[in-house]
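In numbering that gives the first Met the number 0, the protein residues as written are 0 to 242. Have a look at the structure below before the remarks.
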Amino acid sequence: MNNRYPPLDYVPQHVGVIMDGNGRWARRRGLPRIAGHRAGTENLRRVLGAAVEFGIQVLTIYAFSTENWGRPKQEVEGLLSIFRRVIDREVPKLHDEGVRLHHVGRIEGIPADLSQRVREAIDLTKDNDGLVLNVAFNYGGRAEIVDAVRQIIADGISSEQVDARMISRYLCTAGQPDPDLIIRTSGEMRLSNFLIWQAAYAEFYTTPTLWPDFGKDELYEALKDFGRRERRFGLVPGAPVTD
Ligand code: IPE
Ligand code: IPE
Ligand code: MG
């Protein structure tokens with residue numbers, strides 16, 4: 000029995016992570032930003048293992064936003080090569096561990112060789128029943144909502160049929176529970192276009208720790224903190240729900 004991590008009373012079903020601070024991590028060490036992205040990617044393995052151990056069912060990681068294309072070409076290219084390598088190296092292992100991979104974001108905007116790898120990884124792991132890992136790559140919450148609205152119109156759905164449940168079904172996370180907890184590293188306190196629809200009632204946890212240094216202990220802390228929150232969903236605690 001490992002009492003460093005006593006069982007948690009409430010484990011969030013779905014956790015979203017804004018993996019921020021790679022660049023600062025590298026700069027503090029006098030290294031190029033890309034070294035921070037490499038360290039951040041290595042860290043993902045650790046956090047993923049811990050997420051499985053703590054009983055999280057869906058983990059959404061923000062890897063690259065629709066806005067991140069605007070970074071210097073060298074950094075974008077470096078990130079793309081890291082993703083290629085990570086997919087080649089990690090997907091077979093993840094598959095063995097029963098992880099089901101899912102992409103959130105616009106797959107069309109991703110270079111063809113990379114999007115092909117992503118499609119193959121999704122197909123390979125589609126029947127797994129372990130943790131669902133949503134990789135938000137070329138993801139932006141606004142773009143996701145724009146695409147949903149376009150598809151709703153293309154499907155000829157009438158305005159009376161549109162409600163929040165329907166919009167959720169047109170998002171990349173269709174069929175999944177909304178995130179219960181959003182964690183952001185590096186001390187920033189904003190969503191930066193991450194799951195803006197789905198996180199409507201998510202709890203928010205921020206830590207000054209930079210992503211490459213965010214480990215199992217801190218994930219446990221975040222989950223413990225989540226367990227102490229009172230989620231109200233706009234209601235009055237203890238009062239009967241009236242329609
Ligand atoms: C997050 O780290 C990773 C990506 C956005 C791809 P950053 O690269 O944003 O690191 P900082 O915020 O500049 O330190
Ligand atoms: C959000 O971080 C995107 C990812 C972590 C992939 P950013 O570093 O891009 O966000 P801002 O620019 O600080 O809002
Ligand atoms: Mg950042």
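All residues carry an ideal CB built from backbone N, CA and C; glycine is no exception. Owing to the predicted nature of the structure, the values given are computational and were not obtained by experimental measurement.
Residue interval of the beta strand (DSSP E) (run including residue i)
i    : result
R99  : R99 to V103
R183 : L180 to R183
V16  : H13 to I17
E202 : E202 to T205
Bridge partner(s) assigned by DSSP for residue i
i    : result
A135 : Y61 and V103
Local Cβ density within 10 Å of residue i, reported as buried at 16 or more and exposed below that
i    : result
E107 : exposed
R231 : exposed
I156 : exposed
G104 : buried
N2   : exposed
M188 : exposed
T40  : buried
Beta-carbon gap between residue i and residue j smaller than 8 Å
i    : j    : result
I152 : V14  : no
Y204 : A135 : no
L180 : A147 : no
S191 : G20  : no
L130 : L194 : no
F63  : L113 : no
I55  : P11  : yes
R99  : T65  : no
I109 : N127 : no
Where the alpha helix (DSSP H) containing residue i begins and where it ends
i    : result
M165 : A163 to R168
Y219 : K215 to G226
A111 : A111 to T124
I156 : Run containing I156: none; DSSP gives neither H nor E here.
S80  : K72 to D95
F232 : It is not in any alpha helix (DSSP H) - F232 carries neither H nor E in the DSSP assignment.
L7   : No alpha helix (DSSP H) holds L7; DSSP gives it neither H nor E.
E41  : R32 to F53
N192 : Taken as a continuous stretch (DSSP letters only), N192 belongs to no alpha helix (DSSP H), as it is neither H nor E.
request  = Mind the definition here: the segment 32–46 touches the segment 205–218 only if three or more C-beta pairs lie below 8 Å; say whether that holds.
outcome  = yes
query = Are the segment 215–234 and the segment 157–172 in contact at 8 Å, needing three or more beta carbon pairs?
reply = no
key: Segment contact flag, the segment 72–79 with the segment 87–101, C-beta cutoff 8 Å, min 3 pairs   = Result no; under three Cβ-Cβ pairs closer than 8 Å.
task = Would you be able to state if there are at least three C-beta pairs under 8 Å between the segment 31–41 and the segment 187–202?
result = no
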